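Report on the structure given below.
In my numbering, the protein residues as written are 183 to 443.
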């Protein structure tokens, strides 16, 4: 299995996963042209994609979906709640390419198992995903205000987890966002802060996760070094600082290719 965050942040999100003969794109929050450029930079090709999976309907996750699906005849997977909000903004997705799943019920795309699990965000139907292929598991969990036991259960045992580290609370509170927006981000259906990300990773280590990528960092309310320092401090305090590998997803270009073999 090959896993590659193509971009991760409030300006656009997309992750490429390759396993066996299946090629998946999770979200496409940049233009079709830019997604194509990013895919090709890591050896992918939109024409060879098997499907696109959507976490939720915010524009930084679906901006390029309409044209990608139309141009390359790609199936688009989302749950009923998300599709109900996307129909008007994705008019060119052919009816045969509208694929609907149920939250928390696994299904297969080719030889890849997919588990969509509910997360806590202020967009109806938002999900994370766990992908399985043979003996390997990779997961995506961003755009959530908090992590609960059910989510930890879904992520447990993954070889690699892309987990949200959206903001530093002090930076957010001192920054220029209007108070209602700050309150939304800090809420239980907003975005995950560095400290909560770190706490989740400590728990996930004890549930078998040994590698993680920090994603969806805010350009205004976080900084890569602050996110990394916060996470490493929590891991060190738990006595596992040298046992969990931590990488950082880049906002505007591929982070790298993570091989699970």
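Every residue, glycine too, gets a C-beta built ideally from N, C-alpha and C.
Since this is a predicted model, take the numbers as computed values, not measurements.
Using a C-beta cut-off of 8 angstroms, the stretch 399–411 makes contact with the stretch 347–360, since at least three inter-stretch Cβ pairs fall below that distance. Taking each of 189, 309 and 183 in turn and checking the Cα distance to residue 398, the smallest one comes out for 189. For residue 371, same chain residues with a beta-carbon under 6 angstroms away, outside a window of 5 residues either side, are 302, 303, 304 and 327 in chain order. Scanning its chain for C-beta atoms nearer than 7 angstroms, with the 5 sequence neighbours on each side dropped, one finds around residue 229 the residues 254, in chain order.
A straight-line Cα-Cα distance of about 16 angstroms links residue 332 and residue 379.
When the Cα atoms are used, residue 226 and residue 198 turn out to be separated by approximately 8 angstroms. The beta-carbon distance between residue 292 and residue 202, rounded to whole angstroms, is 7 angstroms. This is short enough to meet the 8 angstroms contact definition. Residue 407 and residue 348 have their C-alpha atoms roughly 13 angstroms apart. For residue 437, same chain residues with a beta-carbon under 6 angstroms away, outside a window of 5 residues either side, are 187 and 431 in chain order. Beta bridge pairing from DSSP links residue 314 with 295 and 319.
Within the same chain, 192, 193, 194, 195 and 211 come within 7 angstroms of residue 242 by CB-CB distance, once the 5 residues on both sides are set aside.
Non-local C-beta neighbours of residue 366 in its own chain, meaning closer than 8 angstroms and more than five positions away in sequence, comprise 304 and 372, ordered along the chain. Here the alpha carbons of residue 267 and residue 213 stand approximately 19 angstroms from one another.
A buried status is given to residue 185, since no fewer than 16 other beta-carbon atoms sit within 10 Å of its beta-carbon. Between residue 421 and residue 414, the CB-CB gap reaches or exceeds 8 angstroms. Here residue 388 is exposed. Its C-beta has fewer than 16 other C-beta atoms within 10 Å. Excluding the 5 residues flanking it on each side, residue 252 has same chain C-beta neighbours closer than 8 angstroms at 274, 275 and 276, in chain order.
Per DSSP, the beta-bridge partners of residue 349 are 375. Going by DSSP, residue 361 is part of the alpha helix (DSSP H) stretching over 361–368. A direct Cα-Cα distance of roughly 25 angstroms separates residue 434 from residue 204.
For residue 261, the uninterrupted beta strand (DSSP E) segment begins and ends at 258–261. If you draw a straight line from the Cα of residue 425 to the Cα of residue 419, it comes to about 12 angstroms. As the crow flies, the alpha-carbon of residue 395 is around 31 angstroms from that of residue 279. Rounded to whole angstroms, residue 284 and residue 263 show a C-alpha spacing of 10 angstroms.
Excluding residues up to 5 positions away in sequence, 295 lie with their Cβ nearer than 6 angstroms to the Cβ of residue 314 in the same chain. In the three-state reduction of the DSSP assignment, residue 431 falls in the coil class, being assigned neither a helical nor a strand state. The straight-line gap separating the alpha-carbon atoms of residue 339 and residue 412 is approximately 23 angstroms.
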